[in-house]
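Here the structure comes first, spelled out in structure tokens, and everything after it is commentary.
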Amino acid sequence: MALCTLTGLVLASSNVGEFDKRLVILTRERGKVTAFAKSCRRPNNPLIAATSPFCFGTFEAYEGRNSYHISKAEISNYFRDLTLDYDKVCIGSYFLEMAEYKAMEGVDERQRLALLYQSLKAIESGRFSLTLLRDIYELKSYVIDGEYPEVFRCVKCGEKEAKKLNTFSQRLHGCLCDRCVATEGGTDISQTVLYAMQFIISMPIEKLYTFVLNDETEKALTQLLGNYRSNNHNHIYKSEVFL
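Per our numbering, the very first residue in the sequence shown carries number 225; after that it's consecutive.
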């Protein structure tokens, strides 16, 4: 088996047998991978601290036919402040589960990994409401998947002037201008919600968590994206119940 170095974040961990663990890791080099840490649950085994969800670092592993076998790990961020707060663990676990569901093996997942890492740092910071964190993370995940709503132009005629985009159509997955809404219908979208969605979609990930919204705008954004999620994404995550 070939030895390789993987940089990534542990998404999930489960016990196997008496002393082993099975991990799902989102990596820069190989996308989502399954890895086993043999004997890591034995007393004083140095791998035990590196095999829990939220651990980010480098993993030396031997590549097998269907999985990897970890021989060494160096963790640079355990997200300890996050893991000590129940509410932060709940939203963080949801982000991990969503990343695990959407990520693929052997695919370039560097954007998804960067989004997850920056989102966990934003949770730790305590500067954002949990609802805004979820809205940003979900919408940017849609962007990575190439299935995000159209908020830069009218989905019917292509009108780009922002002040004319006052309606959002869940059926058409995007905004409608003043002229097209008469035949298509939809729900009102304020300019502040429109700008927030445009910012989330267009900004680089490292600049994503640089704004907050007032309560009214945040509530409207959450309602719109909640409806969008319900209409377009049928998968139910186990961790959602805790949110």
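Note that the Cβ used here is the ideal one computed from N, Cα and C, for glycine as well. Bear in mind that the values here come from a model prediction, so they are computed numbers and not experimental data.
Selection from the options that minimises the alpha carbon distance to residue i
i	options	result
Asp305	Val375, Ala261, Ile347	Ile347
Tyr461	Phe352, Glu242, Glu362, Lys256	Glu362
Glu324	Thr258, Tyr433, Asn438, Thr231	Thr258
Asp412	Ser349, Ser343, Lys387, Arg254	Lys387
His459	Tyr318, Lys256, Ser237, Ala273	Tyr318
Lys380	Val367, Ile368, Cys401	Cys401
Lys364	Leu227, Asn268, Phe423, Phe243	Phe423
Leu339	Tyr292, Asn456, Ile272, Ile368	Ile368
Asn451	Glu374, Glu371, Ile425, Gln394	Gln394
Glu333	Ala226, Glu442, Arg252	Arg252
Phe435	Ser353, Arg246, Gln415	Ser353
Cys228	Leu235, Val240, Ser291	Ser291
Gly241	Leu250, Arg266, Lys256, Leu235	Arg266
Thr355	Ala261, Lys256, Glu440	Glu440
Ile315	Gln335, Lys345, Ala406	Lys345
Leu357	Lys384, Phe243, Asn456, Leu445	Leu445
Leu308	Ser349, Glu385, Tyr372, Leu432	Ser349
Phe260	Asn268, Lys245, Asn269	Lys245
Environment of residue i [buried if 16+ CB atoms lie within 10 Å]
i	result
Cys404	buried
Ser263	exposed
Leu233	buried
Asp468	Within the shown structure, residues of the chain are numbered from 225 to 467, placing residue 468 beyond reach of any answer.
Arg254	buried
Ala226	exposed
Ser237	buried
Ala273	exposed
Pro428	exposed
Phe466	exposed
Gln415	exposed
Lys443	exposed
Ala327	buried
Bounding residues of the beta strand (DSSP E) (the contiguous stretch that carries residue i)
i	result
Cys401	398 to 401
Leu235	226 to 240
For residue j and residue i, believed in contact at Cβ under 8 Å, the rounded distance
i	j	result
Ser396	Leu418	Residue 396 is actually Leu in this sequence, not Ser. Going by Cβ atoms, the distance from Leu396 to Leu418 rounds to 15 Å, so no, they are not a contact pair.
Thr231	Thr282	5 Å
Ser454	Glu321	No, Ser454 and Glu321 are not in contact; Cβ-Cβ is about 18 Å, not under 8 Å.
Tyr302	Phe278	7 Å
Phe392	Leu448	6 Å
Glu287	Lys296	Not really, about 14 Å apart at Cβ, beyond 8 Å.
Phe280	Ile294	Their Cβ separation, rounded to whole angstroms, is 14 Å, which puts Phe280 and Ile294 out of contact at 8 Å.
Leu250	Leu271	In fact, because the Cβ distance is near 18 Å, the residues do not count as touching under 8 Å.
Gly398	Val375	6 Å
Tyr433	Gln335	About 15 Å separates the two Cβ atoms, so there is no contact after all.
Start and end residues, alpha helix (DSSP H) containing residue i
i	result
Tyr461	Looking at the DSSP string, Tyr461 is not in any alpha helix (DSSP H), and its letter there is neither H nor E.
Inside the segment 350 to 421 only - alpha helix (DSSP H) runs reaching at least 4 residues: 354 to 369, 405 to 408
- request: Write down every uninterrupted run of the beta strand (DSSP E) in the segment 231 to 319 whose length is 3 residues or greater and which is fully enclosed by it, in chain order.
  value: Runs of the beta strand (DSSP E) inside the segment 231 to 319: 244 to 251, 255 to 261, 280 to 287, 292 to 301.
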